[in-house]
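Protein chains: 4
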Amino acid sequence: MAMTGVLRPGHAVVRVLDLDESVKFYTDVMGLKETGRDNSGRVYFKCNEEHDHNSFVIRKADSAGLDAFAFKVLNNATLNELEGKLKDYGVTTERVPAGEMLETGERVRFKLPTEHVIELYAQKTDVGNGIGYVNPEAFQQGLKGINPLRMDHCLIYGPDIDANRKLFEEVLGFGMVEHILLEDGKTDLATWLSCGTKAHDIAMVRHGEPAKLHHVSFLLETWEQVLRAADIMSMHRVSIDIGPTRHGVTRGTTIYFFDPSGNRMETFCGGNYWYPDMPPITWTWDEVGAGVFYHDRKLNERFLSVVT
Amino acid sequence: MAMTGVLRPGHAVVRVLDLDESVKFYTDVMGLKETGRDNSGRVYFKCNEEHDHNSFVIRKADSAGLDAFAFKVLNNATLNELEGKLKDYGVTTERVPAGEMLETGERVRFKLPTEHVIELYAQKTDVGNGIGYVNPEAFQQGLKGINPLRMDHCLIYGPDIDANRKLFEEVLGFGMVEHILLEDGKTDLATWLSCGTKAHDIAMVRHGEPAKLHHVSFLLETWEQVLRAADIMSMHRVSIDIGPTRHGVTRGTTIYFFDPSGNRMETFCGGNYWYPDMPPITWTWDEVGAGVFYHDRKLNERFLSVVT
Amino acid sequence: MAMTGVLRPGHAVVRVLDLDESVKFYTDVMGLKETGRDNSGRVYFKCNEEHDHNSFVIRKADSAGLDAFAFKVLNNATLNELEGKLKDYGVTTERVPAGEMLETGERVRFKLPTEHVIELYAQKTDVGNGIGYVNPEAFQQGLKGINPLRMDHCLIYGPDIDANRKLFEEVLGFGMVEHILLEDGKTDLATWLSCGTKAHDIAMVRHGEPAKLHHVSFLLETWEQVLRAADIMSMHRVSIDIGPTRHGVTRGTTIYFFDPSGNRMETFCGGNYWYPDMPPITWTWDEVGAGVFYHDRKLNERFLSVVT
Amino acid sequence: MAMTGVLRPGHAVVRVLDLDESVKFYTDVMGLKETGRDNSGRVYFKCNEEHDHNSFVIRKADSAGLDAFAFKVLNNATLNELEGKLKDYGVTTERVPAGEMLETGERVRFKLPTEHVIELYAQKTDVGNGIGYVNPEAFQQGLKGINPLRMDHCLIYGPDIDANRKLFEEVLGFGMVEHILLEDGKTDLATWLSCGTKAHDIAMVRHGEPAKLHHVSFLLETWEQVLRAADIMSMHRVSIDIGPTRHGVTRGTTIYFFDPSGNRMETFCGGNYWYPDMPPITWTWDEVGAGVFYHDRKLNERFLSVVT
């Protein structure tokens with residue numbers, strides 16, 4: 001199998017301050033489909049086009065932020081193999097039993113050097129994307145809200161992103177697609193890593209505090225859908241951080257915005273594909289502005305400071 | 001590495017009847033960049049956005065058609081490993097020395113059961129996509145013609161596509177993404193296979209004659225670029241087979257058209273992504289029309305009969 | 001007032017064979033909003049974005065076709081003035097009392113030389129476009145179907161289109177924007193006429209039989225909406241005549257398709273604007289194909305023969 | 001004639017600080033076509049798609065700003081008639097002889113109450129849009145830069161915009177399409193006026209200083225072209241004020257940016273059409289932010305203060 005090992009981002013678990021308000025936001029504005037609630041109070045969502053039971057999960061807490069970000073791996077053999085590699089690498093892993101999350105198999109949980117919780121799992125129930133596997137129509141009609149194609153990636157903030165990258169590359173088989181250098185021309189301010197052929201499956205920015213979330217990103221199909229997303233955000237008085245605009249890094253188009261708890265979310269569209277024979281793209285410190293926001297060519301102050 | 005083995009389609013070598021007319025077509029209309037000519041008369045092209053030296057090669061011949069379709073693999077170790085697997089599977093392989101094609105490493109060549117020539121290689125010179133690896137701009141300005149992002153896939157016609165599929169799946173690690181069944185509800189009329197996360201890297205249709213080419217496909221970024229491509233074809237009096245329209249299979253948008261030698265080409269855009277945990281999508285005989293041309297929901301007679 | 005006289009197409013009244021099936025089609029597939037039914041059995045629709053009470057009306061009959069096509073004029077004074085001009089020109093006019101059509105003022109009705117019934121009126125109740133006249137949002141959410149912006153124009157077929165054009169130009173203040181010449185290089189096969197700044201408000205093709213309808217056209221906002229319209233047609237098994245494609249004439253993009261009674265409809269998008277200081281664009285007989293269907297550069301046989 | 005009187009914006013004459021730098025900007029970045037230079041040092045441009053000889057003119061001066069904004073009227077009779085009306089209304093008019101501007105007929109010049117210079121003219125040489133009036137192709141290939149469709153409108157700043165509006169409505173036949181009210185709920189902060197069927201041909205904002213320019217706007221065909229425009233601006237290090245985003249007023253999409261002299265320019269796309277039977281849309285003071293920048297729903301400080 002050419003595409004093997006870690007397949008793709010599988011689910012993000014995000015803390016929210018008010019559950020009802022958040023369910024309303026992720027359902028009515030984002031257009032996610034609620035697929036279930038569990039005994040511990042977690043609410044599960046999927047994008048309509050996704051096949052697996054859930055890709056985005058929220059739980060009520062006293063502070064916003066990211067509980068865990070999970071990747072789906074090819075199969076149970078891969079899960080076992082990767083857990084072995086993590087242990088060999090000196091990482092403490094934990095097994096979370098199947099069913100602890102709805103419709104989700106056993107998970108291998110561990111902490112990154114930046115203290116973010118990462119999970120790997122091989123099984124999540126295929127509940128379909130509403131158009132079936134036989135003679136599917138082009139799309140489902142009658143869906144509401146922004147309605148992204150999939151939960152796409154996340155950007156995390158924390159101190160030792162070099163150690164993070166090393167772990168992702170050496171243990172989990174990711175490759176670095178792009179990076180931004182600090183003024184010294186050597187140290188990474190930020191790195192974008194891929195486990196498949198996407199421009200990024202996870203990205204990270206160097207930051208004083210550990211375990212911070214910059215944003216979870218959802219994929220849109222077209223630039224026209226990006227405009228429509230911004231319109232819908234306006235109609236619902238969603239606080240837009242920036243956009244619609246383009247990133248220099250990845251060349252994708254973007255809107256950053258905040259959920260009712262202050263978690264930054266993104267709708268992302270387009271951008272580069274990647275294969276592991278391509279060398280990484282480097283952004284130098286003097287062009288960090290263009291790397292992040294290609295049109296303005298300068299950072300807004302929130303990009304480096306506002307995280308949950 | 002998660003993305004490993006066979007990476008992606010690397011180059012297609014296509015026979016044309018008139019070299020100058022064809023160079024003009026692929027340069028002015030398609031907007032490919034000519035990157036070289038060799039002693040045997042082959043002319044090499046790449047899409048502007050591609051990094052490797054060539055992805056589409058033409059040579060003068062008495063009849064149109066496909067000489068070879070090649071895949072790039074991760075590295076030389078992979079090349080050796082896959083050659084070993086092919087031999088173990090009973091396939092006769094041949095080594096074509098590095099440099100036999102411009103800026104291209106050693107190739108492993110073999111024939112599919114349908115008699116199409118397939119090549120694997122690990123090395124092709126990275127000549128860049130014109131915007132560099134350091135602080136790249138969003139795109140190159142001043143390019144002409146249709147200007148696709150990459151050579152994307154091909155569709156081949158031949159008798160024993162079951163044996164083809166078996167070889168691609170069992171030896172080369174491809175997965176079947178979609179297939180169309182014949183009236184018996186069992187036999188595949190056509191299959192779409194992926195080696196990575198694309199909706200297809202190669203596809204095949206059951207057909208009486210071996211070694212036939214239905215089309216080579218080039219990727220466009222947006223549906224607006226599809227319209228622009230059709231406009232440019234019209235301006236150059238290119239014979240359009242069908243489109244702009246949508247395929248049911250893959251959900252991609254498409255134009256089929258003919259090069260001056262009668263080779264069918266495609267501009268393709270959008271469509272599904274794929275991961276190996278997804279079951280294949282099945283199209284039944286009664287909906288074959290919608291599978292191929294989603295809007296008309298019927299085949300034109302050329303789809304099943306006109307090949308080179 | 002710079003924009004005065006005849007403002008724009010106001011309503012089309014179309015005959016259908018089965019009322020329920022047609023209501024379902026125009027509501028669910030086209031996404032029109034039903035705004036009322038009258039005692040004579042007519043069903044009234046408007047596009048969601050239109051302000052006036054109705055723009056498309058159907059009635060049950062034994063044969064499909066066009067009962068009448070109406071234009072809204074600036075005010076009652078204009079209506080009287082234009083009726084006077086029509087009479088002076090020798091045209092027999094009839095007054096249809098206010099209220100004969102729902103929410104519609106008095107109409108001046110007359111027949112074109114091609115025997116099509118044309119109506120002029122100055123008043124139709126403004127029922128709004130759902131977003132109001134105070135701080136409107138960008139669009140209404142939750143609408144279904146193709147959901148065009150407005151009923152845009154029609155194309156009629158009949159014998160003496162020269163006399164039609166003369167009447168539209170000399171009496172009603174239209175201008176000719178484009179025309180296609182027959183083989184003799186003198187006689188018009190077809191003309192496109194505008195009363196404002198659109199590429200056409202009505203068009204006509206020379207044809208043996210009088211009073212025939214080629215199509216009524218609805219405006220879409222973007223080429224992406226054209227694709228979505230074709231997808232929705234496919235989902236509802238609507239018979240598509242041709243498209244998505246582009247017209248050479250007007251440069252607009254198009255899908256022609258048939259309602260359940262066989263009336264051809266169009267979704268139209270983009271294209272030229274026009275001002276009366278611009279000379280008409282001429283299409284010669286040898287390029288009639290490109291004029292009508294720009295990508296294929298040839299007519300399909302249905303374009304000149306299938307009318308209702 | 002239904003469309004009569006004042007047809008549309010014809011040309012803007014703008015002051016720049018450095019002629020060569022400005023010619024380079026309007027040619028390479030904006031993609032306008034230079035059509036001539038006159039003895040007084042003015043440089044003339046047109047958009048490639050426009051038919052008339054010029055629509056945008058620059059001259060070197062010590063301060064940036066707008067010399068004049070001109071409208072094309074239907075014909076010489078209209079020009080005379082409108083001059084008579086202006087005089088009757090108490091406006092001092094001046095005749096500028098034909099040929100004073102290249103390829104432009106006699107102009108009637110007058111000052112608005114806000115001291116902006118407005119010109120009316122009936123004749124400008126049709127130099128074509130590069131695709132001709134006979135069997136035109138869909139567009140010209142090989143054009144560079146942003147390449148807007150036309151000079152579309154301007155927004156001016158000055159004190160007595162009520163008197164301006166009265167003059168445009170009562171003398172020149174414009175209608176008010178939208179307006180924003182100040183806190184008192186009565187006084188207009190801004191008005192958008194149309195002479196045809198566009199959402200605005202000229203707009204004005206109440207401001208302490210007279211004769212100020214907020215921006216001249218150029219029309220783009222699609223939202224994808226808006227993205228491409230922003231990309232091209234970034235490549236050329238153009239200072240973007242805001243965008244890509246949407247206006248609430250007109251619902252058009254927009255980028256505001258600055259030419260090398262600090263004149264704000266706009267690329268505008270889409271938005272409402274208008275007919276004189278439609279009541280104006282009102283924006284109240286509490287929603288002025290959404291009216292101007294629909295996504296952010298707040299003004300940036302530059303919108304009300306930075307003018308030339």
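Residue numbers (full-length UniProt numbering), protein chains in the order written: chain A, 1 to 308; chain B, 1 to 308; chain C, 1 to 308; chain D, 1 to 308. Glycine included, every Cβ here is placed at the ideal spot set by N, Cα and C.
By Cβ distance below 7 Å, which residues in the same chain neighbour residue i in space, the five residues on each side in sequence not counted?
{"i": "Lys298/A", "result": "Gly289"}
{"i": "Leu86/D", "result": "Thr93, Phe110 and Val171"}
{"i": "Thr250/A", "result": "Glu178, Trp192, Ala199, His200, Gly271 and Asn272"}
{"i": "Glu83/D", "result": "Thr93 and Val108"}
Taking all protein chains shown into account, decide if residue i is buried (16 or more other Cβ within 10 angstroms of its Cβ) or exposed.
{"i": "Lys72/C", "result": "buried"}
{"i": "Leu219/D", "result": "buried"}
{"i": "Ala230/B", "result": "buried"}
{"i": "Glu301/A", "result": "exposed"}
{"i": "Ser63/B", "result": "exposed"}
{"i": "Lys124/B", "result": "buried"}
{"i": "Ser305/C", "result": "exposed"}
{"i": "residue 314/D", "result": "Given that chain D is displayed from residue 1 to residue 308, the structure contains no residue 314/D and the question cannot be resolved."}
{"i": "Asn54/B", "result": "buried"}
Using a Cβ-Cβ cutoff of less than 6 Å, which residues in the same chain neighbour residue i once the five nearest sequence positions on both sides are dropped?
{"i": "Thr187/A", "result": "none"}
{"i": "Ser261/D", "result": "Val16, Leu17 and Ala64"}
{"i": "Gly36/C", "result": "Tyr44 and Leu102"}
{"i": "residue 391/B", "result": "Chain B is shown from 1 up to 308; residue 391/B falls before or after that span and cannot be answered."}
{"i": "Leu189/B", "result": "Ile180, Leu182 and Arg206"}
{"i": "Arg42/C", "result": "Val57 and Arg59"}
Does DSSP put residue i in a helix, in a strand, or in coil?
{"i": "residue 380/B", "result": "No statement about residue 380/B is possible, as the shown extent of chain B runs from 1 to 308 and does not include it."}
{"i": "Lys298/D", "result": "coil"}
{"i": "Asp67/B", "result": "strand"}
{"i": "Lys144/C", "result": "coil"}
{"i": "Val292/D", "result": "helix"}
{"i": "Phe174/D", "result": "coil"}
{"i": "Trp274/D", "result": "coil"}
{"i": "Glu119/A", "result": "strand"}
{"i": "Lys186/A", "result": "coil"}
{"i": "Thr104/A", "result": "strand"}
{"i": "Glu49/D", "result": "coil"}
{"i": "Ile131/A", "result": "coil"}
{"i": "Phe25/D", "result": "helix"}
{"i": "Met233/D", "result": "helix"}
Are residue i and residue j closer than 8 Å when you measure CB to CB?
{"i": "Asp259/D", "j": "Phe25/D", "result": "yes"}
{"i": "Thr197/D", "j": "Met3/C", "result": "yes"}
{"i": "Asp52/B", "j": "Asp152/B", "result": "no"}
{"i": "Asn76/D", "j": "Asn129/D", "result": "no"}
{"i": "His116/D", "j": "Leu79/D", "result": "no"}
{"i": "Ile240/D", "j": "Phe257/D", "result": "yes"}
Near residue i, which residues of its chain fall below 8 Å by C-beta distance, leaving aside the five closest residues on each side in sequence?
{"i": "Glu100/A", "result": "Arg107"}
{"i": "Gly185/C", "result": "Thr284 and Trp285"}
For residue i, go through chain E and note every residue whose CB falls closer than 9 Å to its CB, in chain order.
{"i": "Thr222/A", "result": "Looking for chain E here will not work: the only protein chains present are A, B, C and D."}
With hydrogens ignored, establish whether the beta-carbon of residue i is closer than 7 Å to any heavy atom of the ligand SAM.
{"i": "Leu213/B", "result": "Ligands are entirely absent from the displayed structure, and the ligand SAM is therefore not among its contents."}
Taking 8 Å as the threshold, find out whether the stretch 208-216 of chain C comes into contact with the stretch 126-137 of chain C through three or more Cβ pairs.
no
Three or more C-beta pairs below 8 Å linking the stretch 141-152 of chain B and the stretch 15-30 of chain B
yes
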